[in-house]
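According to the working numbering, the residues represented by the sequence shown are 21 to 128, in order.
Every residue gets a Cβ at the ideal spot worked out from N, C-alpha and C, and that includes glycine.
Notes follow once the structure below has been shown.
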Amino acid sequence: IASLRDDLRKAEQVANDAEGRCRQADSAAARAKMDLAGAEERATRAEAKADSLERQLAEAERAAATAASTAERRQRELEQANAGLTRDVTQARHDLEQLGKDIEAAKA
21 IASLRDDLRK
31 AEQVANDAEG
41 RCRQADSAAA
51 RAKMDLAGAE
61 ERATRAEAKA
71 DSLERQLAEA
81 ERAAATAAST
91 AERRQRELEQ
101 ANAGLTRDVT
111 QARHDLEQLG
121 KDIEAAKA
(Lines of atoms letter the chains of each structure in order from A; the text may use other names.)
(Lines give C-alpha, C1' and ligand atoms only; values in the text may rest on other atoms or scores of the structure.)
Protein backbone atom coordinates (compact mmCIF):
# COMPACT_ATOMS: atom_id res chain seq x y z
CA ILE A 21 0.00 0.00 0.00
CA ALA A 22 2.82 2.38 0.87
CA SER A 23 4.40 1.61 -2.49
CA LEU A 24 1.09 2.33 -4.26
CA ARG A 25 0.75 5.59 -2.32
CA ASP A 26 4.28 6.52 -3.33
CA ASP A 27 3.50 5.65 -6.97
CA LEU A 28 0.29 7.72 -6.75
CA ARG A 29 2.18 10.70 -5.31
CA LYS A 30 4.78 10.42 -8.08
CA ALA A 31 2.04 10.19 -10.71
CA GLU A 32 0.34 13.28 -9.23
CA GLN A 33 3.67 15.13 -9.32
CA VAL A 34 4.19 14.14 -12.97
CA ALA A 35 0.62 15.29 -13.75
CA ASN A 36 1.20 18.58 -11.92
CA ASP A 37 4.47 19.12 -13.78
CA ALA A 38 2.72 18.35 -17.08
CA GLU A 39 -0.06 20.83 -16.23
CA GLY A 40 2.55 23.48 -15.47
CA ARG A 41 4.28 22.85 -18.78
CA CYS A 42 0.91 23.00 -20.57
CA ARG A 43 0.14 26.36 -18.95
CA GLN A 44 3.57 27.63 -20.01
CA ALA A 45 2.98 26.36 -23.54
CA ASP A 46 -0.47 28.00 -23.59
CA SER A 47 1.07 31.30 -22.44
CA ALA A 48 3.80 31.06 -25.07
CA ALA A 49 1.19 30.28 -27.75
CA ALA A 50 -0.91 33.28 -26.66
CA ARG A 51 2.16 35.55 -26.80
CA ALA A 52 3.07 34.17 -30.23
CA LYS A 53 -0.50 34.76 -31.42
CA MET A 54 -0.36 38.37 -30.18
CA ASP A 55 3.04 38.84 -31.84
CA LEU A 56 1.65 37.47 -35.09
CA ALA A 57 -1.37 39.79 -34.92
CA GLY A 58 0.96 42.74 -34.34
CA ALA A 59 3.17 41.71 -37.25
CA GLU A 60 0.14 41.34 -39.51
CA GLU A 61 -1.08 44.80 -38.48
CA ARG A 62 2.34 46.32 -39.20
CA ALA A 63 2.45 44.53 -42.56
CA THR A 64 -1.00 45.91 -43.42
CA ARG A 65 0.10 49.45 -42.53
CA ALA A 66 3.30 49.00 -44.54
CA GLU A 67 1.31 47.84 -47.57
CA ALA A 68 -1.02 50.82 -47.25
CA LYS A 69 1.97 53.16 -47.02
CA ALA A 70 3.57 51.52 -50.07
CA ASP A 71 0.31 51.93 -52.02
CA SER A 72 0.14 55.57 -50.98
CA LEU A 73 3.74 56.16 -52.02
CA GLU A 74 3.10 54.47 -55.37
CA ARG A 75 0.12 56.76 -55.98
CA GLN A 76 2.20 59.81 -55.00
CA LEU A 77 4.99 58.70 -57.34
CA ALA A 78 2.54 58.24 -60.20
CA GLU A 79 1.10 61.71 -59.53
CA ALA A 80 4.60 63.21 -59.42
CA GLU A 81 5.51 61.48 -62.69
CA ARG A 82 2.34 62.81 -64.34
CA ALA A 83 3.08 66.31 -63.02
CA ALA A 84 6.66 66.10 -64.29
CA ALA A 85 5.47 64.94 -67.72
CA THR A 86 2.95 67.78 -67.82
CA ALA A 87 5.60 70.32 -66.78
CA ALA A 88 8.02 69.00 -69.41
CA SER A 89 5.33 69.16 -72.08
CA THR A 90 4.39 72.69 -71.04
CA ALA A 91 8.04 73.75 -71.05
CA GLU A 92 8.55 72.30 -74.53
CA ARG A 93 5.41 74.04 -75.83
CA ARG A 94 6.50 77.36 -74.31
CA GLN A 95 9.98 76.91 -75.80
CA ARG A 96 8.44 76.42 -79.26
CA GLU A 97 6.21 79.46 -78.74
CA LEU A 98 9.23 81.56 -77.70
CA GLU A 99 11.21 80.36 -80.71
CA GLN A 100 8.31 81.24 -83.01
CA ALA A 101 7.91 84.65 -81.36
CA ASN A 102 11.66 85.25 -81.65
CA ALA A 103 11.60 84.30 -85.34
CA GLY A 104 8.66 86.66 -85.86
CA LEU A 105 10.48 89.49 -84.09
CA THR A 106 13.62 88.83 -86.13
CA ARG A 107 11.55 89.06 -89.33
CA ASP A 108 9.90 92.26 -88.08
CA VAL A 109 13.27 93.83 -87.22
CA THR A 110 14.69 92.83 -90.60
CA GLN A 111 11.66 94.27 -92.36
CA ALA A 112 11.85 97.46 -90.29
CA ARG A 113 15.53 97.89 -91.21
CA HIS A 114 14.73 97.30 -94.83
CA ASP A 115 11.86 99.81 -94.64
CA LEU A 116 14.16 102.31 -92.91
CA GLU A 117 16.80 101.92 -95.61
CA GLN A 118 14.16 102.35 -98.29
CA LEU A 119 12.79 105.42 -96.50
CA GLY A 120 16.34 106.84 -96.37
CA LYS A 121 16.71 106.23 -100.10
CA ASP A 122 13.31 107.80 -100.76
CA ILE A 123 14.30 110.87 -98.72
CA GLU A 124 17.61 111.17 -100.59
CA ALA A 125 15.77 110.81 -103.89
CA ALA A 126 13.24 113.46 -102.86
CA LYS A 127 16.05 115.88 -101.94
CA ALA A 128 17.73 115.41 -105.25
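Note to self: What does the alpha-carbon distance come out to for the pair A31 and R43?
What the structure shows: Position 11 of the sequence shown, counted from the start, is the residue given in the question as residue 31. Position 23 of the sequence shown, counted from the start, is the residue given in the question as residue 43. Going from the Cα of A31 to the Cα of R43 covers about 18 Å.
Notebook entry, point to check: Can you tell me whether DSSP reads I21 as helix, strand or coil?
Noted result: Here residue 21 refers to the residue found at position 1 of the sequence shown. In the structure shown, the three-state DSSP call for I21 is coil.
Note to self: At the level of alpha carbons, what is the spacing between S47 and M54?
What the structure shows: As a working note, residue 47 is residue 27 in the sequence shown. As a working note, residue 54 is residue 34 in the sequence shown. One C-alpha to the other measures close to 11 Å.
Item checked: Rounded C-alpha distance that separates Q95 from A59 -> Taking the sequence shown and counting its residues from 1, one reaches residue 95 at position 75. Taking the sequence shown and counting its residues from 1, one reaches residue 59 at position 39. Q95 and A59: Cα-Cα distance of roughly 53 Å.
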